Amino acid sequence: MMMQEKSTLKEIEERFNNDVARFSNLETGQVTTLDASFNMQLIAESIATIYPKGSSVLDIGCGAGNYDVKLLEYVKPLDITLVDLSRPMLDKAKERVEAVNSGGNTRIFQGDFRRVDFPEQSFDVIIATAVLHHLRDNDDWRTAFAKLYSLLKPGGSIWIFDLIEQDTAALQDLIYTKRYGQYLTSLKDEAYRDHVFAYIEKEDSPRSLMYQLDLLKKTGFQHVDVLHKNLCFASFVGFK
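All letters in the sequence shown, in the order written, are residues 221 to 460 by the working numbering.
Set out below in structure tokens:
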């Protein structure tokens, strides 16, 4: 699908406005995402290990706040800034975070993280889960990574969990179309698989893990590390 045929930000916002409940489950995470709850716990525990005394956190595309609620199980209080296109998602995230973040500050901003204006070097941690696959062409990816880098304090880090592609067409067919397709079918049926594939094709434009690791380095991140990969989903981190 051509980039100009992909979903607009408004269309993405409207879909998520109607999907808050699915993004509010700590036990399962997003069921269409492989190892969702495992990665949620892994990233939360990793952040708490690196920043045991707490940190200022920016969660872009925060959804209903699952990652922030999970992180607060390991370290608190925290100063947490939540950004999302969807107001219903933000309202739910704020409600859930404030319920467990006694003594911490919670701010919400509705909009595209690429357009929200924060001072440079404002955050110790950026969480970006299931959001970067909405970036479009290479310029968009480079500009977004540069902005995120600028928002981190020295020693800060970005933690990413997302849908990824393979660089090799035959492996993309095996890993995504066949193996991930089998997983989706196991959740319900082939019609459900086709439904998920259709909205991914319409809405998303992911890049490979290697592309993103290389881009982190080119942007200026001093160290990058892979936490976990299962088929077409991966979690990884970059340190400024």
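Just so you know, even glycine gets a beta-carbon here, dropped at the ideal spot from N, CA and C. Predicted model, so just to flag it, every value in this text is computed and none were measured.
Fill in: Beta-carbon spacing of A313, G274 below 7 Å
The residue you call residue 313 lines up with position 93 of the sequence shown. The residue you call residue 274 lines up with position 54 of the sequence shown. The answer is no: Cβ separation not under 7 Å.
Worksheet item: Where DSSP assigns a beta bridge to W379, which residues make up the other side?
Response: Walking along the sequence shown from the start, residue 379 turns up at place 159. W379 pairs with I347 and V457.
Item to complete: Quick one: residues in its chain with C-beta nearer than 8 Å to the C-beta of L246, no 5 flanking neighbours on either side, listed in chain order?
Response: Position 26 of the sequence shown, counted from the start, is the residue given in the question as residue 246. Any reading at L246 needs caution, since the residue's pLDDT is 49, under 50, leaving its predicted position unreliable; the model's value is listed next. S257, M260, N286, V289 and K290.
Worksheet entry | When S276, D424 and K437 are compared against I347, the one with the closest alpha-carbon | Taking the sequence shown and counting its residues from 1, one reaches residue 347 at position 127. Comparing Cα-Cα distances from I347 to each of S276, D424 and K437, the minimum goes to S276.
Worksheet item: Is it buried or exposed for Q442, if we count other Cβ within 10 angstroms and need 16 for buried?
Response: Locating residue 442 in the sequence shown gives position 222, where the first residue counts as 1. Classification of Q442: exposed, given that the 10 Å Cβ count is below 16.
Worksheet item: Between the stretch 301–319 and the stretch 357–371, do three or more beta carbon pairs fall short of 8 Å?
Response: no
Discussion item. Which residues does DSSP list as the beta-bridge partners of V416?
Written reply: Position 196 of the sequence shown holds residue 416. Answer by DSSP bridge pairing: none, since V416 is not bridged.
Worksheet item: Where does F329 sit, in a helix, a strand or coil, going by DSSP?
Response: Indexing the sequence shown from 1 puts residue 329 at position 109. Here F329 sits in strand by DSSP.
Worksheet item: Just the Cα atoms here: how many angstroms apart are L355 and P297?
Response: Looking up residue 355 in the sequence shown gives position 135. Looking up residue 297 in the sequence shown gives position 77. Using only the alpha carbons, I get a separation of about 32 Å.
Item to complete: Can you grab the Cα-Cα spacing for the pair S244 / K373, in whole Å?
Response: Looking up residue 244 in the sequence shown gives position 24. Looking up residue 373 in the sequence shown gives position 153. Per-residue confidence for S244 stands at a pLDDT of 47, beneath the threshold of 50, marking its modelled position as unreliable; the derived number appears in the next sentence. Cα-Cα distance, rounded: 30 Å.
Practice prompt. Answer yes or no: do L310 and I328 have a C-beta to C-beta separation smaller than 7 Å?
Written response: One-based indexing of the sequence shown puts residue 310 at position 90. One-based indexing of the sequence shown puts residue 328 at position 108. The answer is yes: Cβ separation under 7 Å.
Worksheet item: What are the partner residues of I300, as DSSP defines its beta bridges?
Response: What you label residue 300 is simply residue 80 of the sequence shown in a count that begins at 1. DSSP, once it has assigned bridges, lists V277 and T326 as partnering I300.
Discussion item. Taking DSSP's pairing of strands, which residues face D445 in a bridge?
Written reply: Here residue 445 is taken as the residue at index 225 of the sequence shown, counted from 1. The partner list for D445 (beta bridge, DSSP) reads V457.
Discussion item. In this structure, how does DSSP classify G440 when only helix, strand and coil are distinguished?
Written reply: Position 220 of the sequence shown holds residue 440. Note: G440 maps to coil in three-state DSSP.
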